[in-house]
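S.K.: Shown below is the structure under consideration.
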Ligand SMILES: NC(=O)c1ccc[n+]([C@@H]2O[C@H](COP(=O)([O-])OP(=O)(O)OC[C@H]3O[C@@H](n4cnc5c(N)ncnc54)[C@H](OP(=O)(O)O)[C@@H]3O)[C@@H](O)[C@H]2O)c1
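Written out as structure tokens, the structure reads:
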């Protein structure tokens, strides 16, 4: 039986929580990612407000990585300040994750999947955030040149040392995922979650990975669920100056906004309108209709965007006709 939160603060009644695979953890259906908007180029007043608004809305899960910024590391440092100044007293109510896999420092041990890199990186992350432990430690990407046993062994040992509570993997394909799940299980530190890019525009997870995770009892958290803003009203009428696509530090390339993409976005937006919701709400609801998707991991550059995305919680179910029309648009 699920616990009753009726006596809990208001924020826990605003959010729905979904069990992460076959684990003891429930995650909010909407989680907040700190990849963009929390770096040293961003304003503390803005991003701290986003983080606090998120927590007040029942978002208990905050996702980071060693390299988030820019500059790399600064999102963790800035999140550490938010913890120190505002959210520290709520640490036990929060699931904080970090990752290691991408380039962080010079020399042969500054990226990928060696034990040397992962262990040093996690220590650095904890220091930057001022935390004793993270809840989830991810291998951020598979390393083709390091034995999987070594990479997973390092993640497992981080858990056994108490520096992380759960193990996670990200960007592993179906086959790599099956192998990683098996090793982590053998190590006594089962894989809690897989973090994969998944949206109406990127559907690789449907080619086996979702089935594997469902079968193995591992959660899936969908990153870039709004395709970095393309699945919102952001680019319906041109490229706003303050948008991710326009910023030199943004990872969304202008070249991705092809005429075909823009046509699809307009058509999807029309369906969302018929459903009485925004495109962002519909895009998130479309992912969450699959119970194997534990949570959608959104980014936001403003409190208004975050609030808009949270409206997915009241989203109506899809009719078969709507789903077919969406498939036709995405084809
Ligand atoms: N594991 C991995 O390899 C990996 C890779 C990428 C991301 N991630 C994780 O996933 C998280 C989310 O990724 P993402 O930031 O790409 O997610 P996303 O939700 O697809 O895109 C977020 C961006 O879309 C725009 N946006 C969001 N809500 C909007 C709304 N309601 N209306 C209009 N525009 C809106 C904003 O961009 P503007 O700047 O244009 O306002 C926002 O920064 C990251 O923070 C990170 O934690 C993980």
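Numbering (the working numbering), first residue to last: 418 to 748.
The beta-carbon is built from N, C-alpha and C at its ideal position, and this holds for glycine as well.
1) Looking only at C-alpha atoms, which of 669, 734, 677, 695 sits nearest to residue 747?
2) Measure the CB-CB distance between residue 483 and residue 506 and report whether it falls below 7 Å.
3) Distance check for residue 656 and residue 662, CA to CA, integer angstroms please.
4) Just to confirm, are residue 558 and residue 637 a CB contact at a threshold of 7 Å?
5) For residue 732, which three-state DSSP category applies?
6) Among all the DSSP beta bridges, which residues are the ones paired with residue 712?
7) Could you tell me which residues DSSP pairs with residue 520 in its beta bridges?
8) Suppose you measure from the CA of residue 625 to the CA of residue 671; what does that come to, to the nearest Å?
9) Looking at residue 729: is its Cβ nearer than 7 Å to the Cβ of residue 702?
10) Does the beta carbon of residue 726 fall short of 6 Å from some heavy atom of ligand 1?
11) Measuring only the C-alpha atoms, how far is residue 623 from residue 469?
12) Helix, strand or coil: how does DSSP classify residue 512 here?
13) Under DSSP, the alpha helix (DSSP H) around residue 433 begins and ends at which residues?
14) For residue 475, which residues of its own chain have a beta-carbon under 7 Å away from its beta-carbon, when the five flanking residues on both sides are left out?
15) Could you tell me whether the Cβ atoms of residue 497 and residue 547 are closer together than 7 Å?
16) Using CA coordinates, which residue listed in 737, 743, 717 is at the minimum distance from residue 452?
17) Just list the residues that DSSP pairs residue 496 with in beta bridges.
18) Where residue 739 and residue 720 are concerned, what is the direct C-alpha to C-alpha distance, given to the nearest angstrom?
19) Would you say the beta carbon of residue 683 is closer than 6 Å to some non-hydrogen atom of ligand 1?
20) Could you work out which residue in 604, 585, 536, 599 is closest to residue 613 when comparing CA atoms only?
21) Within the continuous alpha helix (DSSP H) that includes residue 472, where are the two ends?
22) On the criterion of 16 or more Cβ atoms from any shown chain inside 10 Å, does residue 545 qualify as buried, or is it exposed?
23) With 16 as the cutoff for other CB atoms within 10 Å, does residue 666 come out buried or exposed?
24) Starting from the C-beta of residue 652, find all residues in its chain whose C-beta is less than 8 Å away, skip the five residues before and the five after it, and write them out in chain order.
25) At 4 residues or longer, what runs of the alpha helix (DSSP H) sit wholly inside the region 523-560?
M.R.: Reading off the structure:
1) 677
2) no
3) 7 Å
4) no
5) coil
6) 638
7) According to DSSP, residue 520 bridges with nothing at all.
8) 30 Å
9) yes
10) Checking the Cβ of residue 726 against ligand 1 gives yes.
11) Roughly 34 Å between the two C-alpha positions.
12) strand
13) From DSSP, residue 433 is part of no alpha helix (DSSP H); its letter is neither H nor E.
14) 428, 429, 431, 432, 445
15) yes
16) 717
17) Paired residue(s): none; residue 496 is not in a bridge.
18) 30 Å
19) Residue 683 Cβ: outside cutoff for every heavy atom of ligand 1.
20) 585
21) Following the DSSP letters along the chain, one finds residue 472 inside the alpha helix (DSSP H) bounded by residues 461-473.
22) buried
23) exposed
24) 646, 660, 662, 674, 679, 682
25) 532-546
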